[in-house]
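So the protein lines, in turn, are chains A and B.
Counting from 2, one number per residue, gives the positions in the first sequence under our numbering.
Counting from 4, one number per residue, gives the positions in the second sequence under our numbering.
Just so you know, even glycine gets a beta-carbon here, dropped at the ideal spot from N, CA and C.
If you're wondering where the values come from, they're calculated on a predicted model, not measured in any experiment.
Working notes for the structure below.
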Amino acid sequence: MAELTVFPAFGDTSLLFEFSAGGSEDDRSFAIALQYRWDFEGDGVWDTEYSGESVIAHRYKQPENYTVIVEVKDLDGLSAIAVDSVEVFGENLDIDTLYDNRDGNRYRIVKIGGQWWMAENLRYGMVIPTDREQTDNDTVELYRILQSERWDTIGGIYSWLESLNYRVNNLKGICPDGWHLPTRQEWEELFVPYPFLYSLKYYGKQGLSNLNLDLNNGGFRMDGLFQERDWGNSWVSGFWSSSHKMEDLKYLPYFCSFYSEDQTLAHGYWADSGLTRYYSVRCTKDK
Amino acid sequence: MKNIGLFAVLPLLIFPACSNSLDVLDPIDPIPIVYCQINPADKIFYLTLTRTFSGDGIAYDLARDANQVFYDSADIHLEGWENQYKVWENQFEPSDRSKYSGIFPETPGYCFELSNNGLIISTITSVRLVINLPGMSSPVFSRISLMPVPAVPSRYDHEIALYPNGYEFDCPNGPYLQLLCAFNYQEYEGAWVDHSVTFTLRKDIIMPGGNTLYADMFFNRLVKNIAPINDTILRKFISLDLICLVGDKNFKDYMNTYENSSNQDLPLKGNINNGYGLFAMITSVKYVNMFFDRQSFDSLCKGEITGKLGFVRW
Numbered sequence: 002m003a004e005l006t007v008f009p010a011f012g013d014t015s016l017l018f019e020f021s022a023g024g025s026e027d028d029r030s031f032a033i034a035l036q037y038r039w040d041f042e043g044d045g046v047w048d049t050e051y052s053g054e055s056v057i058a059h060r061y062k063q064p065e066n067y068t069v070i071v072e073v074k075d076l077d078g079l080s081a082i083a084v085d086s087v088e089v090f091g092e093n094l095d096i097d098t099l100y101d102n103r104d105g106n107r108y109r110i111v112k113i114g115g116q117w118w119m120a121e122n123l124r125y126g127m128v129i130p131t132d133r134e135q136t137d138n139d140t141v142e143l144y145r146i147l148q149s150e151r152w153d154t155i156g157g158i159y160s161w162l163e164s165l166n167y168r169v170n171n172l173k174g175i176c177p178d179g180w181h182l183p184t185r186q187e188w189e190e191l192f193v194p195y196p197f198l199y200s201l202k203y204y205g206k207q208g209l210s211n212l213n214l215d216l217n218n219g220g221f222r223m224d225g226l227f228q229e230r231d232w233g234n235s236w237v238s239g240f241w242s243s244s245h246k247m248e249d250l251k252y253l254p255y256f257c258s259f260y261s262e263d264q265t266l267a268h269g270y271w272a273d274s275g276l277t278r279y280y281s282v283r284c285t286k287d288k
Numbered sequence: 004m005k006n007i008g009l010f011a012v013l014p015l016l017i018f019p020a021c022s023n024s025l026d027v028l029d030p031i032d033p034i035p036i037v038y039c040q041i042n043p044a045d046k047i048f049y050l051t052l053t054r055t056f057s058g059d060g061i062a063y064d065l066a067r068d069a070n071q072v073f074y075d076s077a078d079i080h081l082e083g084w085e086n087q088y089k090v091w092e093n094q095f096e097p098s099d100r101s102k103y104s105g106i107f108p109e110t111p112g113y114c115f116e117l118s119n120n121g122l123i124i125s126t127i128t129s130v131r132l133v134i135n136l137p138g139m140s141s142p143v144f145s146r147i148s149l150m151p152v153p154a155v156p157s158r159y160d161h162e163i164a165l166y167p168n169g170y171e172f173d174c175p176n177g178p179y180l181q182l183l184c185a186f187n188y189q190e191y192e193g194a195w196v197d198h199s200v201t202f203t204l205r206k207d208i209i210m211p212g213g214n215t216l217y218a219d220m221f222f223n224r225l226v227k228n229i230a231p232i233n234d235t236i237l238r239k240f241i242s243l244d245l246i247c248l249v250g251d252k253n254f255k256d257y258m259n260t261y262e263n264s265s266n267q268d269l270p271l272k273g274n275i276n277n278g279y280g281l282f283a284m285i286t287s288v289k290y291v292n293m294f295f296d297r298q299s300f301d302s303l304c305k306g307e308i309t310g311k312l313g314f315v316r317w
């Protein structure tokens, strides 16, 4: 009986994928006598000759969903096949740094689908105490959830109005010059190439090819209460869009939120909220 | 006789090209040999990389030729994985600080080293070693699960009472357990001079969690590891450390093969894909600055087993 396991089951083209048929068994031969040959692309062409290598690794050059096949042969020449699959997506090599000349902060930025995004949460503005409200004044105000060394990655949390600098139709908001608060449509375009829209599976722990949507960076304020990433048994993070809807003459802004029950597989959703919530801000470059 | 002779010659006529000679000097691709033990509590990880060699010459001479034994360059990465996600990666660099002497002083083994900057603080579940070598189309690799780092016992009695029933202490659970003792003492050589000897008390402890140090076992091990003494030298016991060394299954398999191989040329069981060697995880728990209680100390100084070691009461 042939058995095949893959590790990891998904990843980008920089990764080394590992395949093991070491669990294969045969009632006629000892495991050590078994021979293996491999087809990494599932195209019917064996990529290796028969050998005793039950564990093998392969690096894919092109993003694609691949079928992996191993054929195991015993001493009598009887063979069996096992099949598994890996999902390979492209490595994002477009990484740069954005210098915010307003305060000297630097942000890692990545280009995804032709669009530049900040890969760190915005931390522009003046930190105010958590018992003081963000208000429409001459200063951009933000809350720091943690007073820890993770400030650089967590950044500030802002109200929706603060993130737009209190001008609802001004997409630039509090973003650096040449950048703006993404619309809901821009957020969704970001995720188009990835079939399971908000699954962390495709973002990885570092987040969508370095977009860094890691839930470690989560945190928000809701109904006057500050929450770090841990919310009950789940982890939560949220990012503002500049989009909103109106109900009863009230603004209901959209935010993109991610949550995870077990910190391994996260799901995202769109929600609208009132104006009393505070989330992170990512900016995207003007086209 | 004629028929017999014909049958004897016949195979030579039918298979004139057959040869039973084997050219042992046929070129063989070198096989990497990797040794690396990861202890997440360490600040630096070390790795040794050599290779098998073959060629036209005497093995003794070839083994002293650095070009035969080492690779000119190597790209060595350690990856940290949280389940299916690679969350940490770092690269080994050649180490200037450490060389192991190897068998021949002409070819000291160069180590590679990597600073541990985050392996222990994250939620990593497994680590993978990936080595790309010149001339090899496939990387050398090995992946192991990360064992939890055992807690250092924060509260323990520093006094060892070997009598009447032995001294009980805790070792963490693990596939491979080895109990070591670092015995610190002084010898009088015109002045009191510090000495220390480290030796194994027990190997492959079968019942992890509870361990007992028996007086006869301990003192017999001590006698075997401290040089005999003449009547003019005095010794003072200073302290001892008990060290529980915990190894993963790979380490256990390797050690079992090693210890049972005796003088046979058995290949050591390793877990390096596309190579030989061992990639394993070890951790340790130390009970430091231990002292004997009165009865155990009297036995060290005047007992039947260790009485001739020259330890004095002080």
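Can you tell which of the options has its C-alpha closest to the C-alpha of residue i?
i	options	result
residue 1 of chain B	A:10, A:275, A:172 and A:2	No information on residue 1 of chain B is available, as it lies outside the stretch 4 to 317 that chain B covers here.
residue 189 of chain A	A:85, A:255, A:62 and A:167	A:255
residue 215 of chain B	B:171, B:299 and B:292	B:171
residue 288 of chain A	A:165, A:136 and A:173	A:173
residue 45 of chain B	B:194, B:221, B:287 and B:85	B:287
residue 105 of chain A	A:160, A:126, A:253 and A:21	A:126
residue 1 of chain A	A:56, A:57, A:60 and A:78	With chain A covering only 2 through 288, there is no way to say anything about residue 1 of chain A.
residue 190 of chain B	B:201, B:217, B:240 and B:59	B:240
residue 43 of chain A	A:86, A:158, A:111 and A:139	A:86
residue 283 of chain A	A:274, A:242 and A:115	A:242
residue 169 of chain B	B:295, B:310, B:276 and B:308	B:295
residue 141 of chain A	A:54, A:119, A:164 and A:132	A:164
residue 55 of chain A	B:59, B:262, B:97 and B:275	B:275
Would residue i pass as a contact of residue j if the rule is Cβ separation under 9 Å?
i	j	result
residue 203 of chain B	residue 180 of chain B	no
residue 73 of chain A	residue 27 of chain A	yes
residue 244 of chain A	residue 185 of chain A	yes
residue 142 of chain B	residue 175 of chain B	no
residue 284 of chain B	residue 251 of chain B	yes
residue 118 of chain B	residue 146 of chain B	no
residue 130 of chain A	residue 90 of chain A	no
residue 5 of chain A	residue 58 of chain A	no
residue 69 of chain A	residue 20 of chain A	yes
residue 196 of chain B	residue 229 of chain B	no
residue 79 of chain B	residue 34 of chain B	no
residue 73 of chain B	residue 113 of chain B	yes
residue 76 of chain B	residue 137 of chain B	yes
residue 61 of chain A	residue 169 of chain A	no
residue 286 of chain A	residue 180 of chain A	yes
Looking only at its chain, what residues have a beta carbon closer than 6 Å to the beta carbon of residue i, apart from the 5 residues adjacent to it on each side?
i	result
residue 278 of chain A	223
residue 177 of chain B	249
residue 200 of chain A	Because the pLDDT of residue 200 of chain A is 42, which lies under 50, any placement of that residue in the model is unreliable, and the question is left without a value.
residue 246 of chain B	183, 287 and 289
residue 177 of chain A	101
residue 137 of chain A	167
residue 291 of chain B	244
residue 131 of chain B	82 and 146
residue 222 of chain B	308 and 309
residue 80 of chain A	72 and 74
Residues in the same chain with beta-carbon distance under 7 Å from residue i, minus the five sequence neighbours each way, listed in chain order, please.
i	result
residue 156 of chain A	121, 122, 123, 124 and 281
residue 100 of chain A	107
residue 313 of chain B	232, 236, 237 and 238
residue 185 of chain B	199, 201, 243, 244 and 246
residue 124 of chain B	Unreliable placement is indicated for residue 124 of chain B, whose pLDDT of 49 sits below 50; the coordinate value is still reported in the next sentence. Cβ neighbours of residue 124 of chain B beyond the five flanking positions: none.
Leaving out the 5 sequence neighbours to the left and right, which residues in its chain are closer than 8 Å to residue i when beta-carbon positions are compared?
i	result
residue 89 of chain B	82 and 83
residue 47 of chain B	116, 117, 118 and 119
residue 52 of chain A	36, 37 and 38
Whose Cβ in chain A lies nearer than 7 Å to the Cβ of residue i?
i	result
residue 141 of chain B	58
residue 292 of chain B	Those within 7 Å of residue 292 of chain B in chain A number zero; the least Cβ separation is about 34 Å.
Interface residues of chain B around residue i at Cβ under 7 Å?
i	result
residue 17 of chain A	133, 142 and 144
What does residue i reach in chain B if we use C-beta pairs closer than 9 Å?
i	result
residue 9 of chain A	84, 86, 87, 88 and 89
State yes or no: is the C-beta of residue i nearer than 8 Å to some heavy atom of the ligand ADP?
i	result
residue 117 of chain A	The model on display carries no ligand, and the ligand ADP is accordingly not part of it.
Residues of chain A with CB closer than 9 Å to the CB of residue i, please, in chain order.
i	result
residue 119 of chain B	Those within 9 Å of residue 119 of chain B in chain A number zero; the least Cβ separation is about 18 Å.
Along chain A, in chain order, which residues have C-beta atoms closer than 8 Å to that of residue i?
i	result
residue 253 of chain B	Per Cβ cutoff of 8 Å: no residues; residue 253 of chain B is ~13 Å from chain A at best.
Item to check | Complete runs of the beta strand (DSSP E) confined to the region 71-146 of chain A [at least 3 residues] | outcome: 80-90, 96-100, 107-113 and 116-119
Item to check | Sequence ranges, beta strand (DSSP E) only - wholly within the region 214-262 of chain B, length at least 3 | outcome: 214-216 and 238-250
Checklist entry - Which parts of the region 15-41 of chain A are runs of the beta strand (DSSP E), unbroken and 3 residues or longer, counting only runs that do not cross its ends? => result 18-21 and 36-40
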